[in-house]
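Note that my numbering has the sequence shown beginning at 245, numbered continuously upward.
For every residue, glycine included, the Cβ atom is placed at its ideal position computed from N, Cα and C.
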Amino acid sequence: APVSGIVTQIAEIPANEDEGYWGGSAITIKAESGELVKENVPVGPALTVKVGDIVKAGQPLTENPNVGGFGQADGEIVLQDPRRIQWLLAFFAAVIVTQILLVLKKKQVEKVQAFEMNF
Numbered sequence: 245a246p247v248s249g250i251v252t253q254i255a256e257i258p259a260n261e262d263e264g265y266w267g268g269s270a271i272t273i274k275a276e277s278g279e280l281v282k283e284n285v286p287v288g289p290a291l292t293v294k295v296g297d298i299v300k301a302g303q304p305l306t307e308n309p310n311v312g313g314f315g316q317a318d319g320e321i322v323l324q325d326p327r328r329i330q331w332l333l334a335f336f337a338a339v340i341v342t343q344i345l346l347v348l349k350k351k352q353v354e355k356v357q358a359f360e361m362n363f
């Protein structure tokens, strides 16, 4: 638990596959100071707390506090939007061309300066 207090509500979070979220639970804890703290638990691990339980800061709210191990739902892996990669490659190409042109311009200026020193 992020804070010490009393569990006041446990609500199911619906899955939203468009955003890549597969559901879970939202646990609301009323802290000793009176503020309400919301802790989201992903789908998979079983909750060890129920409404009305007193929890301490740092206490695990699930059977498996190492969420991300076994039992976690497998989702679709989307690496990147192809357009983002294409624009990134275009940007890199533009940077490379710009660097080459700057080096060529520098060499041109050096030749002019060397020619002026000969007079």
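Residue state for Val-287 is assigned as coil, using DSSP reduced to three classes. For the set Phe-363, Ala-358, Val-247 and Gln-357, the Cα lying nearest the Cα of Lys-300 is the one of Val-247. The residue among Ile-298, Lys-350 and Pro-258 with its C-alpha nearest the C-alpha of Val-285 is Pro-258. The Cβ neighbour count for Ile-273, taken over all protein chains shown within 10 Å, is at least 16; the residue is labelled buried. Here Leu-323 carries a coil assignment [DSSP, helix/strand/coil].
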